[in-house]
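Enquirer: What follows is a single structure, and I will ask about it in a moment.
There are 2 protein chains.
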Amino acid sequence: QIVAAVEGALSSGPLTGRHVIVTSGPTHEPIDPVRYIANRSSGAQGTAIAAALAGLGARVTFVSGPATVPPPNGVDVVQVETAQQMRDAVMAALPADAGVFAAAVADWRVANAAGRKMKKDGTGNPPALEFVENPDLLAEVSRLETDRPRLVVGFAAETNDVVAHATAKRDRKGCDWILANDVSEATGIMGGNENEVTLITAGGAETWPRMGKGDVARRLAERIAEGLS
Amino acid sequence: QIVAAVEGALSSGPLTGRHVIVTSGPTHEPIDPVRYIANRSSGAQGTAIAAALAGLGARVTFVSGPATVPPPNGVDVVQVETAQQMRDAVMAALPADAGVFAAAVADWRVANAAGRKMKKDGTGNPPALEFVENPDLLAEVSRLETDRPRLVVGFAAETNDVVAHATAKRDRKGCDWILANDVSEATGIMGGNENEVTLITAGGAETWPRMGKGDVARRLAERIAEGLS
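Read top to bottom, the protein sequences are chains A and B. So for the first sequence, the numbering used here puts the first residue at 6; every next one is plus one. So for the second sequence, the numbering used here puts the first residue at 6; every next one is plus one.
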């Protein structure tokens with residue numbers, strides 16, 4: 006708490022003059038006016054990262070889906086609901102020195118979302134939902150020809166084979182770093198206060214000890230400051 | 006606030022000795038370990054009804070999905086996540102003098118929910134989700150041969166033709182009353198503090214003026230007390 010207060014009060018630091026975009030939280034993809042597809046992200050880790058970056062002096066644009074934790078102080082908050090809205094908000098916030106894509110963006114949305122509430126039709130047959138892939142924001146930003154942030158950091162929430170999946174994801178997306186974690190139920194990380202992450206860079210995989218999400222955030226913010234210096 | 010505090014302090018009233026089951030909130034239906042289908046229910050109306058019933062002296066079993074508002078004081082809280090869990094919790098809580106089914110239960114669940122996080126497979130083809138109908142809790146309780154509560158109250162969240170849809174729902178489910186409301190976006194009711202409801206009984210439809218959700222709850226609780234007296 007004291008550290009957070011000091012961070013909040015800091016007006017200059019190693020990231021002063023830098024602009025960082027941070028995405029956070031889940032996205033909600035509508036099925037009809039009352040139903041949607043969601044994912045289990047509280048936004049806690051992204052919020053802590055945004056706060057830590059601001060604490061090192063960065064100007065932070067915080068693009069957040071409907072998270073359960075409130076956004077941090079001292080950042081520019083852009084609230085969105087869907088993956089498409091998140092993509093548009095990030096593009097509008099460029100240029101930036103770094104982008105940290107911590108949001109749990111829905112991979113798919115419903116193609117045939119209904120304007121009226123869907124009803125059981127008495128046949129017992131469920132509605133046919135058609136899905137389409139959402140824009141791949143991390144890949145798109147990583148491959149921008151103009152305005153690509155110098156440092157693009159993605160996240161990988163995995164339930165198995167964390168390092169292998171995350172390393173492959175880094176290559177596939179074209180981002181610089183991937184912060185990977187194991188969100189399988191047994192870890193208690195999703196919705197919890199702690200995180201156990203592996204940072205995947207061009208140099209390999211570096212596993213950090215299990216620590217609070219605030220500590221993960223501060224360590225990542227310091228690494229970003231080094232990366233941009 | 007004062008009324009709520011007085012209600013909470015009341016240990017006897019017209020519902021003293023009665024047991025009422027109230028369901029509330031959304032349900033979450035898993036797709037895989039990190040994704041689920043949800044619906045836009047804050048649980049505010051069900052929570053207010055449970056508080057109002059307790060305020061009239063009822064013993065309340067409050068079966069709640071993952072709501073955004075906290076459960077009321079003075080009730081027995083059973084937290085559930087899915088429609089199937091809600092059904093089992095209600096059945097376990099019987100017998101009861103009345104059941105108020107205010108939860109926004111998912112009509113469908115994913116039949117082929119995955120034990121591992123689903124991945125894009127690189128083809129651009131989305132995963133095939135198969136849906137099956139969830140148990141129809143309101144209809145099941147309304148048609149119980151033993152332990153049917155004397156008064157079964159359902160809810161209808163409609164976006165169009167509210168009275169016609171709700172009247173048909175009352176007949177179809179076999180419940181005694183339906184409290185119907187219009188949740189179309191323009192009304193601001195879903196997630197808001199006010200409600201505008203129509204009570205459908207065997208005698209017809211009775212539209213109440215727009216009022217706070219707490220007032221709707223108290224009026225319904227009084228009607229339930231009359232109905233059981």
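Cβ atoms here follow ideal geometry from the backbone N, Cα and C, with glycine treated the same way. Every value quoted in this text rests on a predicted model; they were computed, and no experiment measured them.
Closer than 6 Å by C-beta to A:R224: which residues in its own chain qualify, once you throw out the five before and the five after it? Chain order, please.
Expert: The answer is none, since no qualifying residue turns up.
Enquirer: Checking 8 Å against the spacing of the C-beta atoms, do A:V25 and A:A63 come in under that value?
Expert: Yes, the Cβ-Cβ distance between A:V25 and A:A63 is below 8 Å.
Enquirer: Can you give the Cα-Cα distance for B:D187 and B:R155, rounded to whole angstroms?
Expert: If you take the alpha carbons of B:D187 and B:R155, they lie about 27 Å apart.
Enquirer: What span of residues does the beta strand (DSSP E) with A:L58 cover, start to end?
Expert: Note, A:L58: premise wrong, no beta strand (DSSP E); alpha helix (DSSP H) at A49 to G60.
Enquirer: Span of the beta strand (DSSP E) holding A:G104?
Expert: From DSSP, the beta strand (DSSP E) with A:G104 extends over A103 to F106.
Enquirer: If you compare alpha carbons, which of B:S46, B:E34 and B:R148 is closest to A:P38?
Expert: Measuring from the Cα of A:P38, the nearest candidate turns out to be B:S46.
Enquirer: Helix, strand or coil for A:S69, going by three-state DSSP, please let me know.
Expert: If DSSP states are grouped into helix, strand and coil, A:S69 belongs with the strands.
Enquirer: Are any of the Cβ atoms in chain A nearer than 8 Å to that of B:K125?
Expert: Cβ-Cβ to chain A under 8 Å: yes for B:K125.
Enquirer: Mind checking A:D112: buried by the 16 CB within 10 Å criterion, or exposed?
Expert: Result: buried.
Enquirer: For A:I54 versus A:V27, is the C-beta distance shorter than 8 Å?
Expert: Yes, Cβ-Cβ distance for A:I54 and A:V27 is below 8 Å.
Enquirer: Hey, would you say B:V139 sits closer than 8 Å to B:R114, going by beta carbons?
Expert: A quick correction: the sequence has Asn, not Val, at residue 139 of chain B. Their beta carbons are under 8 Å apart, which means B:N139 touches B:R114 by this criterion.
Enquirer: Just to make sure I have the definition right: I need the residues of chain A whose C-beta is within less than 7 Å of the C-beta of B:V146. Which are they?
Expert: Result: empty, since nearest Cβ-Cβ is about 17 Å, beyond 7 Å.
Enquirer: With a 10 Å radius around its C-beta and 16 neighbouring C-beta atoms as the bar for buried, classify B:G217 as buried or exposed.
Expert: B:G217 is exposed by the Cβ-count criterion.
Enquirer: Would you say A:Q88 and A:A162 are within 8 Å of each other, going by their C-beta atoms?
Expert: The question names Gln, but residue 88 of chain A is Ala in the sequence shown. Contact: no.
Enquirer: For a cutoff of 8 Å on Cβ pairs, would you count A:S69 as touching chain B?
Expert: Chain B contact via Cβ: absent.
Enquirer: Taking the alpha helix (DSSP H) that B:E288 falls in, what are its first and last residues?
Expert: For chain B, the structure presents residues 6 to 234; residue 288 of chain B sits outside this window and is missing.
Enquirer: Considering B:T87, what are the terminal residues of the alpha helix (DSSP H) in which it resides?
Expert: No alpha helix (DSSP H) contains B:T87, which DSSP labels as neither H nor E.
Enquirer: Which whole-angstrom value describes the C-beta separation of A:I42 and B:R40, a residue pair presumed to lie in contact below a C-beta threshold of 8 Å?
Expert: So it is a contact: roughly 7 Å between Cβ atoms.
Enquirer: Between A:Q6 and chain B, is any beta-carbon pair separated by less than 8 Å?
Expert: Interpretation of A:Q6 is limited by its pLDDT of 49, a score under 50 that renders its predicted location unreliable; the figure taken from the coordinates is listed afterwards. Taking Cβ atoms only, chain B never reaches closer than 8 Å to A:Q6, which makes this a no.
Enquirer: Using CA atoms only, rank isn't needed, just tell me which of B:V65, B:N117 and B:P76 is closest to B:L95.
Expert: The question names Leu, but residue 95 of chain B is Val in the sequence shown. Nearest of B:V65, B:N117 and B:P76 to B:V95, Cα basis: B:V65.
Enquirer: By the three-class DSSP mapping on this structure, what secondary structure does B:L33 have?
Expert: Looking at the sequence itself, residue 33 of chain B is His, so the reference to Leu does not match. In this structure, B:H33 counts as coil in the three-state DSSP scheme.
Enquirer: Got a sec: which bits of the region 162-192 of chain A sit with their beta carbon under 9 Å from any beta carbon on chain B, in order along the chain?
Expert: So the close ones are A162, E163, T164, N165, H170, R177, V188, S189 and E190.
Enquirer: Less than 8 Å between CB atoms is the rule here; does A:L134 satisfy it with respect to chain C?
Expert: Annotation note: the requested chain C is absent from the structure, which comprises protein chains A and B.
Enquirer: For B:H170, list the residues DSSP reports as bridge partners.
Expert: According to DSSP, B:H170 bridges with nothing at all.
Enquirer: Within 8 Å of any Cβ in chain A, is that where the Cβ of B:I42 sits?
Expert: With 8 Å as the cut-off, B:I42 counts as an interface residue toward chain A.
Enquirer: Hey, is B:V39's beta-carbon within less than 8 Å of any beta-carbon in chain A?
Expert: Closer than 8 Å to some Cβ of chain A, the Cβ of B:V39 qualifies, so yes.
Enquirer: Give the interface partners of A:R92 over in chain B, defined as CB-CB distance under 9 Å, in chain order.
Expert: Under the 9 Å cutoff, chain B gives no residues; its nearest Cβ is about 16 Å from A:R92.
Enquirer: Enumerate in chain order the residues of its own chain whose CB-to-CB distance from B:G179 is below 7 Å, with the five nearest sequence positions on each side excluded.
Expert: Hits under 7 Å: A144, S147 and R148.
Enquirer: Can you check DSSP and say which residues form a bridge with B:I183?
Expert: Paired residues: B:G159 and B:I205.
Enquirer: For the alpha helix (DSSP H) holding B:A222, just list the boundary residues, first then last.
Expert: Note, B:A222: alpha helix (DSSP H), K218 to L233.
Enquirer: Name the chain A residues whose beta carbon is nearer than 7 Å to that of B:W113?
Expert: Those are P131, listed as they occur along chain A.
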